[in-house]
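Residue numbers (our numbering), protein chains in the order written: chain C, 3 to 495; chain G, 26 to 122.
Encoded as structure tokens, the structure appears first; notes follow it.
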Amino acid sequence: MKLNELDIVQAAEGLKKGEFSSVDLTQVCLEVIKKLNPEINAFITITEDLALNQAKESDARRKMGNSRGILDGIPVAIKDNIAVKDYPTTAASKILENYITVEDAFVIKKLKEAGAVILGKTNLDEFACGGSTETSYFETTKNPIDHSRVPGGSSGGSAAAVAADMCIYAIGSDTGGSIRQPASYCGIVGLKPTYGAVSRNGLFAMASSLDQIGPLTKTVEDAFIVLKELAKYDEKDSTSNKKGEETIQKIVDLKGVKGLKVGILKQGKVANVQAGIKNDLEKAVQKLKAAGAQVTELNLPILDYALAVYYILMPVEVSSNLGRYDGIKYGYSVALLRDATEGQASSKETVARNLEEVYFKTRAEGFGDEVKRRIMLGAYASSAGYFDQYYLKAQKVRAIIKKEIDDAFKKFDCLLLPTTPTTAFKISEKTKDPIMMYLEDIFTVPANIAGIPGISVPFGKEGNLPFGIQVLGPEFGEEKLLNVAKALEEADG
Amino acid sequence: MVKISKEEVENIAKLSRISLTEEEKAKYQTELSSILEWVEKLNEVNTNGVQPTGQITGLFNILDSDEVEKCDISREEILKNAPEKKDGFIKVKKVLE
Numbered sequence: 003m004k005l006n007e008l009d010i011v012q013a014a015e016g017l018k019k020g021e022f023s024s025v026d027l028t029q030v031c032l033e034v035i036k037k038l039n040p041e042i043n044a045f046i047t048i049t050e051d052l053a054l055n056q057a058k059e060s061d062a063r064r065k066m067g068n069s070r071g072i073l074d075g076i077p078v079a080i081k082d083n084i085a086v087k088d089y090p091t092t093a094a095s096k097i098l099e100n101y102i103t104v105e106d107a108f109v110i111k112k113l114k115e116a117g118a119v120i121l122g123k124t125n126l127d128e129f130a131c132g133g134s135t136e137t138s139y140f141e142t143t144k145n146p147i148d149h150s151r152v153p154g155g156s157s158g159g160s161a162a163a164v165a166a167d168m169c170i171y172a173i174g175s176d177t178g179g180s181i182r183q184p185a186s187y188c189g190i191v192g193l194k195p196t197y198g199a200v201s202r203n204g205l206f207a208m209a210s211s212l213d214q215i216g217p218l219t220k221t222v223e224d225a226f227i228v229l230k231e232l233a234k235y236d237e238k239d240s241t242s243n244k245k246g247e248e249t250i251q252k253i254v255d256l257k258g259v260k261g262l263k264v265g266i267l268k269q270g271k272v273a274n275v276q277a278g279i280k281n282d283l284e285k286a287v288q289k290l291k292a293a294g295a296q297v298t299e300l301n302l303p304i305l306d307y308a309l310a311v312y313y314i315l316m317p318v319e320v321s322s323n324l325g326r327y328d329g330i331k332y333g334y335s336v337a338l339l340r341d342a343t344e345g346q347a348s349s350k351e352t353v354a355r356n357l358e359e360v361y362f363k364t365r366a367e368g369f370g371d372e373v374k375r376r377i378m379l380g381a382y383a384s385s386a387g388y389f390d391q392y393y394l395k396a397q398k399v400r401a402i403i404k405k406e407i408d409d410a411f412k413k414f415d416c417l418l419l420p421t422t423p424t425t426a427f428k429i430s431e432k433t434k435d436p437i438m439m440y441l442e443d444i445f446t447v448p449a450n451i452a453g454i455p456g457i458s459v460p461f462g463k464e465g466n467l468p469f470g471i472q473v474l475g476p477e478f479g480e481e482k483l484l485n486v487a488k489a490l491e492e493a494d495g
Numbered sequence: 026m027v028k029i030s031k032e033e034v035e036n037i038a039k040l041s042r043i044s045l046t047e048e049e050k051a052k053y054q055t056e057l058s059s060i061l062e063w064v065e066k067l068n069e070v071n072t073n074g075v076q077p078t079g080q081i082t083g084l085f086n087i088l089d090s091d092e093v094e095k096c097d098i099s100r101e102e103i104l105k106n107a108p109e110k111k112d113g114f115i116k117v118k119k120v121l122e
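As structure tokens, this is what we get:
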């Protein structure tokens with residue numbers, strides 16, 4: 003097995019035994035990135051110097067007997083909406099193309115403390131707005147399994163980097179499925195923790211009441227290892243929840259599913275779910291039963307409204323959060339541009355004559371189509387006259403969904419659904435109709451609306467295209483969720 | 026039937042501080058209308074007497090102590106990303122004509 007193909011547990015074992023060094027491991031990953039990235043476009047920025055320095059430091063620590071634990075010396079890829087100091091963080095937007103990050107995100111601080119080796123920043127949909135990486139200002143990432151297809155999104159670069167073994171694991175963010183959906187399309191594990199379990203400090207905000215950082219990994223065990231490193235209380239994030247750290251740090255190992263009550267949601271069996279996925283969901287139920295879980299069907303019709311709630315609340319939060327990109331403090335700006343129309347390159351006329359024009363033109367040129375669509379949709383849904391009809395209504399339905407999901411978890415330990423209704427679609431197949439694209443989020447959005455954890459575990463294939471089964475757990479019920487996920491992983495194939 | 030008029034598109038673009046071409050106005054009018062029509066589905070849900078929720082954390086008023094903390098980031102570092110600056114300040118274009 004090549005070093006880049008190892009998972010965290012295997013790589014840590016090899017480092018511990020001295021079979022290879024962190025520099026060896028890092029160099030192999032960098033070589034693979036350089037070879038594959040021109041075609042796959044998983045990375046926007048490769049942080050080679052940082053990676054090699056961190057690897058050398060890790061090796062030196064190990065030599066002195068001061069190794070910091072399982073993640074020390076292991077190469078990771080970071081989604082490019084998470085701040086890594088002294089390197090660009092673009093959020094895949096023109097408006098941040100030349101932005102140099104001034105501070106590490108909380109999760110990056112934790113990873114650096116754990117001795118992680120940061121290989122680079124991965125591609126995403128612009129400001130995480132999309133499900134395919136096609137809205138990235140840079141290239142579209144290709145699915146490593148079939149280059150004519152999308153890797154999913156928005157953490158598509160992170161998922162592709164893991165699936166193509168360009169790294170050992172990756173970090174992503176999930177607002178409506180952005181970790182789980184690309185994990186499903188690329189055949190890897192993707193975990194969105196409970197809202198508040200991982201600090202959002204340093205994550206470039208998309209929709210703050212829904213955003214959550216999490217790992218994309220090759221195994222469930224690896225997802226658990228990374229989660230433990232990330233789930234620490236942060237006083238700088240007012241939605242960081244001490245319960246997250248308390249419950250997650252207590253998990254010692256994954257013990258299996260014996261006696262767990264798993265509810266299989268009816269939504270997963272509807273007509274527009276690909277036949278192979280429906281069949282395998284049934285297989286998953288049988289395997290869980292064989293492993294000792296009690297599985298029964300559950301109907302939660304309110305979940306049919308989660309997606310509509312999402313496409314009101316999320317754009318409203320996007321329109322507010324993205325207000326900060328104005329061409330004044332940082333990022334792309336028309337303020338310095340001179341009007342060069344009609345061949346008059348030397349014209350002294352500036353593009354923007356006053357502050358307001360800087361705002362309007364910077365944002366018109368700096369944001370892409372999907373981001374503008376969401377900003378304007380959000381502005382509409384929260385504007386005077388429409389606030390009650392859209393935003394308030396969606397907030398009320400969110401409250402109902404939250405309550406009904408919490409109630410369901412009084413009877414069940416975990417819930418089961420497909421991660422996505424289909425396998426990875428063709429590049430540009432769904433770009434013309436925004437709603438077609440939005441429907442891909444149908445099974446992943448409920449977890450964000452209710453703030454509960456969700457994980458996608460690779461389970462089956464349609465042709466050569468993989469898909470995942472999704473496990474949802476109660477708030478801070480990561481232990482149960484990981485146990486069910488592990489049982490599914492063992493049953494795979 | 027489109028749900029929102031061209032004037033409404035112009036108004037929300039203005040609220041969003043984004044300038045649009047005529048072509049874009051027409052495009053967003055159609056697209057935003059179809060999205061708004063699709064989310065109308067929510068009207069099927071009876072929400073009488075339901076308290077709206079802005080967040081689902083169960084946390085309540087997390088306050089920070091009102092003390093000045095030293096910032097590790099220098100003024101220079103923060104300013105290096107600003108497009109226009111002068112004498113250690115961010116420079117903006119005139120607000121009034």
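Backbone N, C-alpha and C fix where the C-beta goes; we use that ideal spot for every residue, glycine too.
These numbers come from a predicted model, not from an experiment.
N-terminal and C-terminal residue of the beta strand (DSSP E) that residue i is part of
| i | result |
| --- | --- |
| C:T425 | From DSSP, C:T425 is part of no beta strand (DSSP E); its letter is neither H nor E. |
| C:K482 | Careful: C:K482 lies outside any beta strand (DSSP E), inside the alpha helix (DSSP H) at E480 to A493. |
| C:V297 | Q296 to L300 |
| C:T219 | Q214 to T219 |
Rounded separation between residue i and residue j - CA only
| i | j | result |
| --- | --- | --- |
| C:Q296 | C:I253 | 22 Å |
| C:I76 | C:N55 | 13 Å |
| C:K238 | G:F85 | 15 Å |
| C:L212 | C:E21 | 42 Å |
| C:T241 | C:Q214 | 11 Å |
| C:F469 | C:G179 | 14 Å |
| C:G333 | G:E69 | 43 Å |
| C:L290 | C:A489 | 7 Å |
| C:A277 | C:S186 | 16 Å |
| G:D89 | C:A207 | 20 Å |
| C:D29 | C:V459 | What sits at residue 29 of chain C in the sequence shown is Gln, not Asp. Cα to Cα, C:Q29 sits roughly 29 Å from C:V459. |
| C:E344 | C:A79 | Summary for C:E344: the model assigns pLDDT 49, below 50, so the residue's position carries little reliability, and this model does not support an answer. |
| C:L394 | C:Y388 | 9 Å |
| C:L262 | C:K482 | 8 Å |
| C:D106 | C:A337 | 28 Å |
| C:I181 | G:L121 | 45 Å |
| G:L67 | G:D97 | 47 Å |
| C:V228 | C:L73 | 8 Å |
| C:T364 | G:E56 | 23 Å |
| C:L5 | C:L27 | 6 Å |
| G:A10 | G:Q54 | In the structure displayed, chain G extends from 26 to 122; residue 10 of chain G sits before or after that span and is not available. |
| G:V20 | C:L379 | Residue 20 of chain G falls outside the range modelled here, since chain G spans only 26 to 122, and no answer is possible. |
Under 8 Å between C-beta atoms of residue i and residue j
| i | j | result |
| --- | --- | --- |
| C:A44 | C:T142 | no |
| C:L32 | C:A53 | yes |
| C:V259 | C:G216 | no |
| C:S175 | C:I84 | yes |
| C:G539 | C:L126 | Because chain C in this structure spans residues 3 to 495, residue 539 of chain C falls outside the shown range and cannot be described. |
| C:I173 | C:S156 | no |
| C:L38 | C:A118 | no |
| C:Y312 | C:D443 | yes |
| C:P420 | C:V275 | yes |
| G:T78 | C:K257 | no |
Close beta carbons around residue i, own chain, < 8 Å, minus the five adjacent residues each side
| i | result |
| --- | --- |
| C:K2 | Past the boundaries of the shown model lies residue 2 of chain C; chain C is included only from 3 to 495, so the question cannot be answered. |
| G:S41 | none |
| C:G265 | V297, T298, E299, L300, A410, K413, F414, C416, L417 and L418 |
| C:T92 | I46, T47, D82, L98, E99, Y101, K123, Y139 and F140 |
Host alpha helix (DSSP H) of residue i (start-end)
| i | result |
| --- | --- |
| C:S24 | S24 to I42 |
| C:P184 | R182 to C188 |
| C:V447 | V447 to A452 |
| C:A1 | What the structure shows of chain C is the stretch from 3 to 495, and residue 1 of chain C is not part of that stretch, so it cannot be assessed. |
| G:E65 | Here G:E65 belongs to no alpha helix (DSSP H), and DSSP marks it neither H nor E. |
| C:D510 | Since the first residue of chain C shown is 3 and the last is 495, residue 510 of chain C is not available in this structure. |
Own chain, CB closer than 6 Å to residue i, minus 5 neighbours either side, in chain order
| i | result |
| --- | --- |
| C:Y392 | I314 and A383 |
| C:S348 | Caution is warranted here: a pLDDT of 48 is assigned to C:S348, below 50, making its placement in the model unreliable, and no coordinate value can be reported. |
| C:M438 | K432 |
Status (buried if at least 16 other CB within 10 Å, exposed otherwise) for residue i
| i | result |
| --- | --- |
| G:F114 | exposed |
| C:Q496 | Since the first and last residues shown for chain C are 3 and 495, residue 496 of chain C lies out of range. |
| G:N46 | Rather than Asn, the amino acid found at residue 46 of chain G in this sequence is Thr. Looking at its Cβ environment, which holds fewer than 16 other Cβ atoms inside 10 Å, G:T46 is exposed. |
| C:A386 | exposed |
| G:Q76 | exposed |
| G:K111 | exposed |
| C:Q472 | buried |
| C:R375 | buried |
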